[in-house]
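Numbering (numbering that gives the first Met the number 0), first residue to last: 0 to 263.
Glycine included, C-beta positions come from ideal geometry on N, C-alpha and C.
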Amino acid sequence: MYFIDVQGTLISDEDKSPIAGSLEFIEYLNQEAIPYMVITNNTKKASSDFYNYLTSIGFDFTFDKYLDPLMILESRVSKDAVAAYGAAEFLKTLQNMGYSFEYDDPKTVLIAIKEDFTADEYAQMIDFLLAGAKLVGMHETSIYAKNNKRYPGVGAILKMLSFATSASYDVVGKPSVSFYEEALKRLQQQNSSASFEEITIISDDVKGDLGGAKELGMKTLFVTSGKYRSADEIVPLLDEKLKPDRILADMQAVLESLERGEKL
């Protein structure tokens, strides 16, 4: 059974096209009737729009096998008095979901990703947090890769703000326990006995996805097709207990490993 990341794992961070072997891997799981969930930290597009994009480029899976943070946001963050920060598409998606923005006296500071946060935005966030607003991240990614550059991810920004203000923070998407528990609940619709210990999670974010998954007992497979150019950039620096169980180049290598009968 599998949890499968999207950006940098199934699709390229550069042009959002399928990464080698990714379409075939999903088809293999379908043919072999292996339970899986496609779990992404997408926040820019409405969930149905991003799912439709994935199917439009050839991925063959039903919406019940898809989960992103926007699908559980309403159960985690109240819709009123939110100071939201992120890409324009994210802000528009929030408004379409009925969230009201407040940049004078917000109850919640809600952060998604973009590549051009300003110092003034960080200063505003800090003032809101020191005044008592709650800090929430849409996810806790380590690095945001775009335009052949690597920016601090939401996880890095959350830790910076927490250090500056001593505010704790909540996370909606990966690697929060609640997100993985929701993904497991949906996986159990395919196999009622599914448990974290039986799941292999595949992702290019060895810190932001795989570390939290490993703490829950999942097996972790790190692919170097996204945020990191090689495993040597990051794996030697990780705590021993959070190092991935296996490292492969991309989904083509994952598929070939499965076809050889290797256990992932």
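Bounds of the beta strand (DSSP E) holding V222 are K218 to V222.
Taking 7 Å as the cut-off, the beta carbon of A82 is found no closer than this to the beta carbon of I125.
Per DSSP, the beta bridge partners of I201 are I3 and L220. Rounded to whole angstroms, D12 and I200 show a C-alpha spacing of 19 Å. Between the region 218 to 238 and the region 66 to 86 there are fewer than three C-beta pairs closer than 8 Å, too few to call the two in contact. Residue ranges of uninterrupted beta strand (DSSP E) with 3 or more members, entirely inside the region 140 to 196 and ordered along the chain, are 142 to 145, 148 to 151 and 168 to 170. Between the region 158 to 178 and the region 186 to 195 there are fewer than three inter-stretch CB-CB distances shorter than 8 Å, so the stretches are not counted as touching. At a Cβ-Cβ threshold of 7 Å, D169 and V135 count as neighbours. Contact between K213 and T219 is confirmed by a C-beta separation of about 5 Å, below the 8 Å threshold.
Scanning V176, D4 and E31 for the CA closest to the CA of G260 turns up E31. For A212, the three-state secondary structure derived from DSSP is helix. Secondary structure of A82 (DSSP, three-state): strand. Annotation note: the region 106 to 134 contains the following uninterrupted beta strand (DSSP E) runs of length 3 or greater, listed N- to C-terminal: 107 to 110.
By the beta-carbon neighbour count (other beta carbons within 10 angstroms, threshold 16), L183 is buried. The Cβ-Cβ distance between P105 and F127 falls below 7 Å. In terms of CA proximity to L9, L254 leads the group L254, K262, L263 and E258. For P17, the secondary structure class from DSSP, reduced to helix, strand or coil, is strand. Between V171 and M137 the beta-carbon gap is near 5 Å, inside 8 Å, which marks them as a contact.
For E120, the closest of E181, Y102 and T92 by C-alpha to C-alpha distance is Y102. Counting other Cβ atoms within 10 Å of its Cβ, M70 reaches 16 or more and is therefore classed as buried. Apart from the 5 residues on each side of it in sequence, K145 sits with its Cβ closer than 7 Å to the Cβ of D12 and E114 in its chain, given in chain order.
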